[in-house]
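Report on the following structure.
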Amino acid sequence: MRLIILEDAGVVADWAARFVLQRITQFAPGPGRHFVLGLPTGGTPLGMYRRLIDFYKEGRLSFKYVTTFNMDEYVGLPRDHPESYHYYMWNEFFKHVDIDPGNAHVLDGNAADLVGECRRFEELIAAAGGVHLFIGGIGPDGHIAFNEPGSSLVSRTRVKTLAYDTLEANKRFFGNDISKVPRQALTVGVGTVMDAKEVMILITGVHKSLALAKAVEEGVNHMWTVSAFQQHAQALFVCDEDATLELRVKTVKYFKALSEEHQKMIDGVPVDEQRVLH
Ligand code: F6R
Numbered sequence: 019m020r021l022i023i024l025e026d027a028g029v030v031a032d033w034a035a036r037f038v039l040q041r042i043t044q045f046a047p048g049p050g051r052h053f054v055l056g057l058p059t060g061g062t063p064l065g066m067y068r069r070l071i072d073f074y075k076e077g078r079l080s081f082k083y084v085t086t087f088n089m090d091e092y093v094g095l096p097r098d099h100p101e102s103y104h105y106y107m108w109n110e111f112f113k114h115v116d117i118d119p120g121n122a123h124v125l126d127g128n129a130a131d132l133v134g135e136c137r138r139f140e141e142l143i144a145a146a147g148g149v150h151l152f153i154g155g156i157g158p159d160g161h162i163a164f165n166e167p168g169s170s171l172v173s174r175t176r177v178k179t180l181a182y183d184t185l186e187a188n189k190r191f192f193g194n195d196i197s198k199v200p201r202q203a204l205t206v207g208v209g210t211v212m213d214a215k216e217v218m219i220l221i222t223g224v225h226k227s228l229a230l231a232k233a234v235e236e237g238v239n240h241m242w243t244v245s246a247f248q249q250h251a252q253a254l255f256v257c258d259e260d261a262t263l264e265l266r267v268k269t270v271k272y273f274k275a276l277s278e279e280h281q282k283m284i285d286g287v288p289v290d291e292q293r294v295l296h
C-alpha cells in the first residue's frame, strides 16, 4: 500500500487526475481494448473530475475507449433528481467528455428487480474484463461506497439498507429532512473493489483523519471497511495534510520520504521536468 501525502485538496485532485491520465495513456485504449475505470461520487472527487475535463479539452485525454462503473446509487430516487448519482455523474463529468454513455455504467436504483440489477452489474464488470483502476472516496467512519461499518469485507454488489448515521449525515442534501433521504442504496461490495487491478482512494479533510489512521495504522477490520485495502496488491491512498492529523509522526515521515518516487508515478518523468510542464 502506498500513502501519498499532498499539500491540500486541490493538489490531491490534480495528482489523482494526472494519475488517471497516466494510466489511461499507458494502457493505450482503442477499438476492442477499453480501459475500465471505477468511479465515486461525493465532494472529494469533484476537483479530479474538473481536471480530467480540462485534460480532455486540451486534447490530452480521450474517454472514447473508456468504460466506467460507478460505485453506488440510491434506491428509488428518480435519475433526474439532483441528489441521484446518475445526475451527479452526468453533470459533473460524463456530459463534458467524449465517453459513450452506453459505456458509462451506473447502478439503476429504480430497477424492478434490484437484486437482479446488482447481479447484472457484477456480470457487466466481469464481461468488461474487470476494473483496471477503481477510484474511491471514504466517509469519516471509514466506509467505502455504501459499505458501512460491519459490512463484509468480501461483499459483492448488493442492496443495502442505510444506517441511521448515514441518513443523518446525508440529510443535508435533502433539505435537512431525514424522511426524504432514501432508506436503501445499491452499492458495489468491498470484494468488488478489491478485485480491481489497482485502487486509488482519495481522502481529504481533518474529518477523515481518524478513518485514515484506522485504515493505515491498525489492522484490517470490518468496522473500518476501507482498512481492507491493506490487503490489496496495488492500493494507493492519496490524502492531504489535514487528513494526516491522526497519523503517527513516524508514519507521515516514512511516506513523505517516498514523495519523489510517488511524484514519478504520475507521468514517469523526473519531478523537475514535470514542474516545467505545469
Ligand atoms: C461515493 C461513495 C462514498 C463517498 C464517501 C465520501 O460514490 O461511495 O464512499 O466517497 O461518502 O464522500 P465525500 O467525498 O462527499 O466526503
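Note that the working numbering has the sequence shown beginning at 19, numbered continuously upward. Just so it is clear, CB atoms sit at the ideal spot from N, CA and C, and this is done for glycine as well. Please read all numbers here as calculations on a predicted model, not as lab measurements.
| Query | Result |
| --- | --- |
| 6 Å Cβ shell around Asp260 - same chain, five flanking residues per side excluded | Gly223 and Val224 |
| Short Cβ contact (9 Å threshold) for Asn121 with Val93 | no |
| Per-residue DSSP class, three states only, for Glu235 | helix |
| Expected contact under 8 Å - CB spacing of Thr205 and Thr243 to nearest Å | Not a contact, Cβ separation roughly 11 Å. |
| Test item: CB-CB of Glu91 and Val38 under 9 Å | no |
| Endpoints, the beta strand (DSSP E) within which Phe111 is located | Where Phe111 is concerned, there is no enclosing beta strand (DSSP E), given that its DSSP letter is neither H nor E. |
| Cβ pair count under 8 Å reaching 3, the stretch 170-185 against the stretch 111-121 | no |
| Closest by C-alpha distance to Asp32, when choosing among Asp72, Gln44, Ala163 and Ile42 | Asp72 |
| Phe191 burial status per 10 Å Cβ neighbour count (16 or more: buried) | exposed |
| Which of helix, strand or coil DSSP assigns to Tyr272 | helix |
| DSSP-derived helix/strand/coil call for Trp33 | helix |
| Limits of the unbroken alpha helix (DSSP H) element including Asn188 | Tyr182 to Asn188 |
| Near ligand 1: Gly155 beta-carbon under 8 Å from a heavy atom | yes |
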